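A.B. asks: So the sequence lines, in the order shown, correspond to chains A and Y.
Here the first sequence is numbered in the numbering used here, starting from 2 and rising by one per residue.
Here the second sequence is numbered in the numbering used here, starting from 2 and rising by one per residue.
Every residue gets a Cβ at the ideal spot worked out from N, C-alpha and C, and that includes glycine.
The structure presented is a predicted model; accordingly, all values stated were derived computationally and were not measured.
2 protein chains.
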Amino acid sequence: MNSNKETAIEADAKVPAIRITRDFAATPEQLFRAHTDPVLFARWIGPDAMPPRIVYWDPRPGGSWRYVTEHEGVEYGFHGCFHQVRPDRIVQTFTFEGQPDGVALETLTFETLGERRTRLHAQSLCDSFEARDAWLASGMESGVDQGYAKLDRLLADGAV
Amino acid sequence: MNSNKETAIEADAKVPAIRITRDFAATPEQLFRAHTDPVLFARWIGPDAMPPRIVYWDPRPGGSWRYVTEHEGVEYGFHGCFHQVRPDRIVQTFTFEGQPDGVALETLTFETLGERRTRLHAQSLCDSFEARDAWLASGMESGVDQGYAKLDRLLADGAV
Chain A
2 MNSNKETAIE
12 ADAKVPAIRI
22 TRDFAATPEQ
32 LFRAHTDPVL
42 FARWIGPDAM
52 PPRIVYWDPR
62 PGGSWRYVTE
72 HEGVEYGFHG
82 CFHQVRPDRI
92 VQTFTFEGQP
102 DGVALETLTF
112 ETLGERRTRL
122 HAQSLCDSFE
132 ARDAWLASGM
142 ESGVDQGYAK
152 LDRLLADGAV
Chain Y
2 MNSNKETAIE
12 ADAKVPAIRI
22 TRDFAATPEQ
32 LFRAHTDPVL
42 FARWIGPDAM
52 PPRIVYWDPR
62 PGGSWRYVTE
72 HEGVEYGFHG
82 CFHQVRPDRI
92 VQTFTFEGQP
102 DGVALETLTF
112 ETLGERRTRL
122 HAQSLCDSFE
132 ARDAWLASGM
142 ESGVDQGYAK
152 LDRLLADGAV
């Protein structure tokens, strides 16, 4: 059975959040590992052309993380804290260092759909609709799609 | 010159946030210390009847914090991470452990108004209007007022 390879990316109508929904041929535990193990995470996150380098990564409640990517000689940084880390739910903060005062609150939940199928729900909460809409308009969708496609391949290869 | 002792607590009309505004007879540096030094923080935060005990507190970006209070034999816990810590701006996550899946993103900014007068802007961003409204309806306002009154006294005593 193939996973649903369509990533749904929606702007919430009521709150300044982006909601992403994506199904994987995986268990919840595999998705949890993919999002918390830094070696695994670095193998799939983001656009194919911009593999990240993990600078630090402590995936426990109260821990923090940072990675950098590079494109055409320019380095881009991302960092945040892990607020909650549970097998079915991760809450973390997220800042793109190109906008150092911007911060989103990310909530990831892993919903089992049955035999080795899990639905990822990812909510990115911004503090204004302007910030949310600018993020959506920034071209983030292709990077998200490419990342999940790499994760599909890692799962299929038994690497997670 | 007296500080404005009125705390303004407002529900944002557009986003699920609570906005608190309060003036202090203080410099921005004093308000920053009051919010980041755990010994000072514990002397003013919250209702007078519920002094907190700091369990851990690392006020650096990527650090985490937790404190507990007690009322009529029941212990209440609060914890989060410090996402950003700058002299004019602090961003942290906040969970009340009575609702362990609830989390707010708190942004505190310290705006100088001139000679030893500073305006605190505190924004608490929730992920739903229901959560925001329930928090407002919970009686949090008197605890906020009592806390700021204690901070006024600490400032007047030269303790900050």
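By a C-beta neighbour count over all protein chains shown, 10 Å radius and 16 as the cutoff for buried, is Y:Ala27 buried or exposed?
C.D. replies: As a working note, residue 27 of chain Y is residue 26 in the second sequence. Buried.
A.B. asks: State the CB to CB distance for the pair A:Pro29 and A:Thr94, rounded to an integer number of angstroms; the pair is presumed to be in contact (CB under 8 Å).
C.D. replies: Walking along the first sequence from the start, residue 29 of chain A turns up at place 28. Walking along the first sequence from the start, residue 94 of chain A turns up at place 93. Wrong, their Cβ atoms sit about 23 Å apart, outside the cutoff.
A.B. asks: Can you find at least 3 beta carbon pairs, one from the segment 82 to 91 of chain Y and one from the segment 69 to 85 of chain A, that sit closer than 8 Å?
C.D. replies: Cβ pair count under 8 Å is three or more, so yes.
A.B. asks: Within 10 angstroms of the Cβ of Y:Leu121, are there 16 or more other Cβ atoms? Answer buried if so, exposed if not.
C.D. replies: Translated into positions along the second sequence, residue 121 of chain Y becomes position 120. So Y:Leu121 ends up on the buried side.
A.B. asks: Take every Cβ of the segment 7 to 27 of chain Y, pair it with every Cβ of the segment 134 to 143 of chain Y, and state whether three or more of those distances are shorter than 8 Å.
C.D. replies: With the cut-off at 8 Å, the segment 7 to 27 of chain Y and the segment 134 to 143 of chain Y touch.
A.B. asks: Round the Cβ separation of Y:Val146 and Y:Phe111 to the nearest angstrom and send it over; I've been treating them as touching at under 8 Å.
C.D. replies: In the second sequence, counting from the first residue as 1, residue 146 of chain Y sits at position 145. In the second sequence, counting from the first residue as 1, residue 111 of chain Y sits at position 110. Here the sequence assigns Asp to residue 146 of chain Y, which means Val is not the residue at that position. That pair is no contact at about 19 Å.
A.B. asks: Going by DSSP, which residues form a beta bridge with Y:Glu112?
C.D. replies: The residue given as residue 112 of chain Y occupies position 111 in the second sequence. Y:Glu112 pairs with Y:Arg120.
A.B. asks: Suppose the cutoff is 6 Å on Cβ atoms and the five residues either side in sequence are ignored; what does the same chain contact list for A:Pro48 look like?
C.D. replies: What you label residue 48 of chain A is simply residue 47 of the first sequence in a count that begins at 1. Answer for A:Pro48: Gly144 and Gln147, listed in chain order.
A.B. asks: Comparing C-alpha positions only, which one of A:Gln100, A:Val75, A:Gln124 and A:Thr70 sits nearest to A:Ile91?
C.D. replies: Mapped onto the first sequence, residue 91 of chain A falls at position 90. The candidate whose alpha carbon is nearest that of A:Ile91 is A:Gln124.
A.B. asks: What separation, rounded to the nearest whole angstrom, lies between the Cα atoms of Y:Leu156 and A:Leu137?
C.D. replies: As a first step, residue 156 of chain Y must be located in the second sequence, where it is residue number 155. As a first step, residue 137 of chain A must be located in the first sequence, where it is residue number 136. Answer to the nearest angstrom: the Cα atoms are 44 Å apart.
A.B. asks: Go ahead and pull the three-state DSSP assignment for Y:Glu142.
C.D. replies: Locating residue 142 of chain Y in the second sequence gives position 141, counting from the first residue. Three-state DSSP puts Y:Glu142 in a helix.
A.B. asks: Could you name the residues of chain A that Y:Phe130 contacts, counting a contact when the two beta carbons are closer than 8 Å?
C.D. replies: To locate residue 130 of chain Y, count along the second sequence from 1; it is residue 129. Residues of chain A passing the Cβ test: Lys15 and Val16.
A.B. asks: Is it buried or exposed for Y:His72, if we count other Cβ within 10 angstroms and need 16 for buried?
C.D. replies: Here residue 72 of chain Y refers to the residue found at position 71 when the second sequence is read from its first residue. Y:His72 is exposed by the Cβ-count criterion.
A.B. asks: Which one of Y:Leu109, Y:Arg67 and Y:Phe97 has the shortest CA to CA distance from Y:Ala135?
C.D. replies: Taking the second sequence and counting its residues from 1, the one referred to as residue 135 of chain Y is at position 134. Comparing Cα-Cα distances from Y:Ala135 to each of Y:Leu109, Y:Arg67 and Y:Phe97, the minimum goes to Y:Phe97.
A.B. asks: Tell me which residues share the same chain as A:Glu11 and place their Cβ nearer than 6 Å to its Cβ, disregarding the 5 neighbours each side in the sequence.
C.D. replies: Here residue 11 of chain A is taken as the residue at index 10 of the first sequence, counted from 1. For A:Glu11, where only same-chain residues beyond five positions count, the Cβ hits under 6 Å are Arg20.
A.B. asks: Identify, in the order they occur along the chain, each residue of the same chain with its Cβ nearer than 8 Å to the Cβ of A:Arg34, setting aside the five sequence neighbours on each side.
C.D. replies: Residue mapping note: residue 34 of chain A aligns to position 33 of the first sequence, counting from 1. Within the same chain, A:Arg34 has close Cβ partners Leu41 and Val161.
A.B. asks: Listed from N- to C-terminal order along the chain, which residues in the segment 44 to 63 of chain Y have their beta-carbon within a distance smaller than 7 Å of any beta-carbon of chain A?
C.D. replies: Those would be Gly63, in chain order.
A.B. asks: Would you list, in chain order, the members of the segment 99 to 124 of chain Y that have their beta-carbon closer than 9 Å to a beta-carbon of chain A?
C.D. replies: Hits within the stretch, in order: Pro101, Asp102, Val104, Ala105, Leu106, Thr108 and Gln124.
A.B. asks: Using alpha carbons as the reference points, say which of A:Glu116, A:Leu126, A:Val56 and A:Leu32 lies closest to A:Thr70.
C.D. replies: Here residue 70 of chain A is taken as the residue at index 69 of the first sequence, counted from 1. Out of A:Glu116, A:Leu126, A:Val56 and A:Leu32, A:Val56 has the C-alpha closest to the C-alpha of A:Thr70.
A.B. asks: A:Ala105: buried (16+ other C-beta within 10 angstroms of its C-beta) or exposed?
C.D. replies: The sequence position of residue 105 of chain A within the first sequence is 104, counting from 1. It counts as buried.
A.B. asks: Going straight from the alpha carbon of A:Pro101 to that of Y:Gly63, what length do you get?
C.D. replies: Residue 101 of chain A sits at position 100 when you count from the first residue of the first sequence. Residue 63 of chain Y sits at position 62 when you count from the first residue of the second sequence. Rounded to whole angstroms, A:Pro101 to Y:Gly63 spans 14 Å at the Cα level.
A.B. asks: Where do the ends of the alpha helix (DSSP H) carrying Y:Ala43 lie?
C.D. replies: In the second sequence, the residue the question calls residue 43 of chain Y occupies position 42. From DSSP, the alpha helix (DSSP H) with Y:Ala43 extends over Pro39 to Trp45.
A.B. asks: Please confirm whether Y:His84 has its beta-carbon closer than 8 Å to some beta-carbon of chain A.
C.D. replies: As a working mapping, residue 84 of chain Y is identified with position 83 in the second sequence. Yes - at least one Cβ of chain A is within 8 Å of the one on Y:His84.
A.B. asks: Any beta-carbon of chain A closer than 8 Å to the one on Y:Leu156?
C.D. replies: Stepping through the second sequence from its first residue, residue 156 of chain Y is reached at position 155. No, no contact with chain A.
A.B. asks: May I have the straight-line CA-CA distance separating Y:Arg133 from A:Leu32, to the nearest angstrom?
C.D. replies: Position 132 of the second sequence holds residue 133 of chain Y. Position 31 of the first sequence holds residue 32 of chain A. Cα to Cα, the separation comes out at about 30 Å.
A.B. asks: For the beta strand (DSSP E) that contains Y:Ala12, what are its first and last residues?
C.D. replies: In the second sequence, the residue the question calls residue 12 of chain Y occupies position 11. It spans Ala9 to Ala12 - the beta strand (DSSP E) in which Y:Ala12 sits, taken as one unbroken run.
A.B. asks: What does DSSP give as the partner residues of Y:Ala105 in its beta bridges?
C.D. replies: What you label residue 105 of chain Y is simply residue 104 of the second sequence in a count that begins at 1. Answer is Y:Phe95.
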